[in-house]
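Peer 1: One structure, as structure tokens, below. Some questions next.
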């Protein structure tokens with residue numbers, strides 16, 4: 000074993016970072032109070048993927064599932080739910096969107112394939128040979144060909160959402176007067192509408208791109224009146240459903256890691272949020288469509304399948320059922336698209352995009368509820384932000400400003416509940432819970448006595464104090480960040496004796512990072528910074544950004560990168576620098592790659608001024624990311640251009656155009672300044688990304704790990720390592736990680752943040768496990784055959 004003294008500037012190895020790796024495990028169906036009756040595979044039936052679903056019951060009580068697919072509409076008899084039979088196939092133009100709803104004996108189907116509104120006459124059932132079809136394309140002179148979704152209310156009015164007319168708002172059709180010949184009676188076109196629900200004479204609408212829901216009075220269908228709006232949790236409002244009295248509403252946001260939200264709608268002009276909940280907290284799974292049946296929400300939840308939540312107490316939603324339809328768990332748009340829970344038999348029909356139609360038998364059981372208040376044991380004051388968690392359960396609730404909490408669990412009985420908050424000793428309490436009853440509990444938390452730590456930041460070689468240096472201490476539960484005072488010192492109060500990630504830096508110095516054990520005996524810590532030009536964007540050193548007035552999205556921002564579903568944007572910063580930040584063009588958590596990319600102009604990032612006059616042969620080093628969806632095909636005009644200026648002369652030192660070989664990875668660069676101009680005292684780097692053409696395109700860029708050195712930091716071995724086909728997952732991990740490589744010979748090395756080898760093992764198989772369970776949480780590096788991965792254990 001040997002020790003490597005690690006600093007960010009010593010980095011010589013760059014790796015190919017693989018974006019958005021899907022953490023799929025071997026499929027084990029996850030069930031909670033839901034049994035599977037049958038599964039119908041549409042890839043076998045029609046080579047088609049599924050989208051939304053609805054139900055129909057004929058005059059004899061026979062139940063049918065109406066299935067939207069990518070290639071048409073399917074009618075399935077579930078008279079024998081263990082052996083469903085497709086009895087009618089209505090082919091259609093190909094589209095991944097098809098939505099179905101019914102009125103009387105008629106089914107209405109929207110699609111974005113621009114074929115109009117399909118109308119199926121189902122009155123002949125159970126004689127399937129009598130099913131007929133026709134199309135409606137809007138009123139004369141005011142037509143439309145495609146729409147995203149629809150809903151039909153109990154009075155026989157169809158609400159068409161997201162049509163290719165106007166803003167794509169709501170077109171209201173009378174389908175009860177003549178079901179085969181709809182009559183347009185109203186329009187609400189203030190904003191694009193993705194989906195909606197109508198109760199009596201009130202519309203509840205989800206405006207996905209605008210990020211809010213609205214409530215609209217449609218008593219007079221020809222004159223809709225807006226009553227109120229409300230932003231939803233993740234600003235990507237996908238669908239909404241309400242209680243029968245309209246007092247409460249439930250929403251989904253179609254974003255990775257989003258929530259099901261509950262809202263008080265009793266006053267539409269003042270909508271208030273009551274609660275929010277995720278199916279798999281921290282896993283990034285996307286919720287899709289939610290529906291209310293009695294006291295229970297039934298939701299299609301993409302790669303988690305379907306979920307059932309007890310919402311009898313809308314301020315305290317609890318998951319009480321689930322069935323996983325998809326073989327794996329991803330943060331993508333994989334898995335269950337639609338769910339229909341309204342059959343008289345109680346059967347749930349669920350449509351999984353690739354796995355087909357599932358018929359499910361749920362058992363609806365109310366939760367056992369726990370509610371109460373948490374206070375500070377030293378003074379009796381209420382504590383906000385206390386995490387409340389049942390042992391062996393992944394749901395965490397936080398106390399509100401008054402210290403109150405509401406939570407629950409599916410199964411009643413004696414439960415252990417842990418209450419924890421930063422700077423307080425955690426407390427675990429045993430409590431006996433009863434089904435469909437509320438148990439009240441009061442808890443007091445004892446504060447942890449803090450201990451002082453003084454940090455001194457000095458210049459390496461001179462011992463001079465550095466004023467205005469940024470210092471960041473990252474513990475498992477808390478991060479401290481401060482700036483040194485006039486004598487280069489920071490005084491902190493810490494609560495935890497553990498291993499901290501300590502990062503320090505200032506513009507004009509080289510940022511350092513290391514893992515350091517800190518406890519009350521530490522008392523004082525001295526950090527030395529070496530003079531130099533470096534920025535990994537852990538701290539804000541004064542880079543600025545601008546955009547042309549025409550730009551609609553994709554502005555440069557310093558952040559921990561969020562991924563996209565098409566791998567267009569990075570899911571992490573460049574490897575081997577301190578922290579997790581980079582500059583990226585747009586960083587919306589929505590996985591939609593076209594949601595926050597660069598559009599309609601140029602966005603520019605400017606470095607602070609830096610002095611190269613004392614360098615002999617300066618090289619500008621950085622990692623850049625660039626993605627252009629249309630590749631080399633016209634009209635792909637998107638470019639990334641990096642320029643250097645001395646205030647009088649500006650030259651392009653690097654540019655990236657459409658090139659598939661440059662996509663999906665951080666590319667390291669080391670540019671010799673003398674090849675372009677003489678080093679000067681007032682140099683500045685300018686990074687510009689352009690999306691000039693109005694034609695739709697997806698353009699993403701990133702910039703990270705900037706530094707100046709006296710020679711190139713790259714060599715042929717480093718560049719070659721970026722092409723190595725090696726995968727490592729899951730990352731982050733709570734224990735074991737898996738390394739996959741066709742190379743079966745060599746040593747796998749594990750480094751801590753300080754660059755010290757802490758474990759080695761020989762690789763003997765293509766797929767090999769690495770166990771981090773015995774190591775503390777933090778940042779590690781795994782190296783194999785010259786390729787290095789940054790791994791986070793949490």
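In my numbering, the protein residues as written are 0 to 793. Beta carbons: idealized from backbone N, C-alpha and C, even for Gly.
What do you get for residue 664, buried or exposed, if any count of 16 or more other CB atoms within 10 angstroms of its CB means buried?
Peer 2: The residue is buried, with at least 16 neighbouring Cβ atoms inside 10 Å.
Peer 1: Helix or strand or just coil, what does DSSP make of residue 596?
Peer 2: In the structure shown, residue 596 sits in coil (DSSP, three-state: anything other than H, G, I, E or B).
Peer 1: What residue range is occupied by the uninterrupted alpha helix (DSSP H) comprising residue 42?
Peer 2: 41–44 is the extent of the alpha helix (DSSP H) around residue 42.
Peer 1: Quick one: Cα of residue 571 to Cα of residue 783, how far?
Peer 2: C-alpha separation (whole angstroms): 20 Å.
Peer 1: Given this structure, state the Cα-to-Cα distance separating residue 40 from residue 356, to the nearest angstrom.
Peer 2: About 7 Å.
Peer 1: According to DSSP, is residue 429 part of a helix, a strand, or is it coil?
Peer 2: Three-state DSSP puts residue 429 in a strand.
Peer 1: Give the list of continuous beta strand (DSSP E) stretches no shorter than 3 residues that lie fully inside the segment 425–488.
Peer 2: As far as the segment 425–488 is concerned, its whole beta strand (DSSP E) runs of at least 3 residues are 426–432, 437–444, 450–458, 469–473, 478–482.
Peer 1: Determine, using beta carbons only, whether residue 307 and residue 361 come nearer to each other than 9 Å.
Peer 2: Yes, they are a contact pair.
Peer 1: For the segment 367–377 against the segment 335–346, are there 3 or more C-beta pairs whose distance is under 8 Å?
Peer 2: These segments do not touch.
Peer 1: Straight-line CA distance for residue 240 to residue 266?
Peer 2: Each residue's alpha carbon lies about 16 Å from the other.
Peer 1: Grouping DSSP H, G and I as helix and E and B as strand, with all else coil, what is residue 106?
Peer 2: Three-state result, residue 106: strand.
Peer 1: Taking the alpha-carbon of residue 161 as reference, which of 583, 567, 195, 565 has the nearest alpha-carbon?
Peer 2: Of the listed residues, the one whose Cα sits closest to residue 161 is 195.
Peer 1: Less than 9 Å between the C-beta atoms of residue 620 and residue 705, yes or no?
Peer 2: Cβ atoms of residue 620 and residue 705: closer than 9 Å.
Peer 1: For residue 807, which residues of its own chain have a beta-carbon under 7 Å away from its beta-carbon, when the five flanking residues on both sides are left out?
Peer 2: This structure does not reach residue 807, given that the chain is present from 0 up to 793, and the question cannot be answered.
Peer 1: Determine the burial state of residue 314: buried for a count of at least 16 other Cβ atoms within 10 Å of its Cβ, exposed for fewer.
Peer 2: So residue 314 ends up on the exposed side.
Peer 1: Let's test the definition: count the other Cβ atoms within 10 Å of the Cβ of residue 299 and tell me whether it reaches 16, buried, or not, exposed.
Peer 2: Buried.
Peer 1: Look up residue 788 in the DSSP assignment and say whether it is helix, strand or coil.
Peer 2: Strand at residue 788.
Peer 1: When you compare the segment 600–616 with the segment 683–692, are there three or more beta-carbon pairs, one atom per stretch, that lie closer than 8 Å?
Peer 2: Output reads yes: the segment 683–692 touches the segment 600–616.
Peer 1: Assign residue 493 to one of two classes, buried (16 or more other C-beta atoms within 10 Å of its C-beta) or exposed (fewer than that).
Peer 2: It is buried - the Cβ of residue 493 has at least 16 other Cβ atoms within 10 Å.
Peer 1: Have a look at residue 509 and residue 451 and give me their C-alpha separation to the nearest angstrom.
Peer 2: If I take the Cα positions, the gap works out to 27 Å.
Peer 1: Grab the span of the beta strand (DSSP E) containing residue 75 for me, first residue to last.
Peer 2: Taken as a continuous stretch (DSSP letters only), the beta strand (DSSP E) holding residue 75 covers 71–76.
Peer 1: Please report how far the alpha carbon of residue 592 lies from the alpha carbon of residue 454, in whole angstroms.
Peer 2: When rounded, the distance between both Cα atoms is 43 Å.
Peer 1: On the DSSP letters alone, give me the boundaries of the beta strand (DSSP E) that residue 749 sits inside.
Peer 2: Its beta strand (DSSP E) spans residues 746–751.
Peer 1: Roughly how many angstroms separate the alpha carbons of residue 797 and residue 708, rounded to a whole number?
Peer 2: No statement about residue 797 is possible, as the shown extent of the chain runs from 0 to 793 and does not include it.
Peer 1: Which two residues bound the contiguous beta strand (DSSP E) that contains residue 147?
Peer 2: Note, residue 147: premise wrong, no beta strand (DSSP E); not H, not E.
Peer 1: Roughly how many whole angstroms lie between the Cα atoms of residue 470 and residue 517?
Peer 2: Between residue 470 and residue 517, the C-alpha separation is close to 15 Å.
Peer 1: Three or more C-beta pairs under 8 Å: does that hold for the segment 62–81 against the segment 400–416?
Peer 2: Touching, no.
Peer 1: With DSSP as the reference, label residue 269 as helix, strand or coil.
Peer 2: Note: residue 269 maps to helix in three-state DSSP.
Peer 1: For residue 441, collect the residues of the same chain with a Cβ closer than 6 Å to its Cβ; drop the 5 residues on either side in sequence, then sort them by chain order.
Peer 2: Result list for residue 441: 371, 372, in chain order.
Peer 1: Helix or strand or just coil, what does DSSP make of residue 673?
Peer 2: Three-state DSSP puts residue 673 in a helix.
Peer 1: Determine the extent of the beta strand (DSSP E) in which residue 196 is found, giving its start and end residues.
Peer 2: Its beta strand (DSSP E) spans residues 194–198.
Peer 1: Within the chosen definition, does the segment 274–285 reach the segment 171–191 through at least 3 CB pairs nearer than 8 Å?
Peer 2: No contact exists between the segment 274–285 and the segment 171–191.
Peer 1: Would you decide whether residue 223 is buried or exposed? Buried here means 16 or more other CB atoms lie within 10 Å of its CB.
Peer 2: Result: buried.
Peer 1: With distances taken from CA atoms, which of 329, 771, 539 is nearest residue 562?
Peer 2: Closest option to residue 562, Cα to Cα, is 329.
Peer 1: Let me know the secondary structure DSSP gives residue 659 once reduced to three states.
Peer 2: Helix, per DSSP.
Peer 1: Does the pairing of the segment 58–68 with the segment 76–93 give three or more beta-carbon distances under 8 Å?
Peer 2: Taking 8 Å as the limit for Cβ pairs, the verdict is that the segment 76–93 does touch the segment 58–68.
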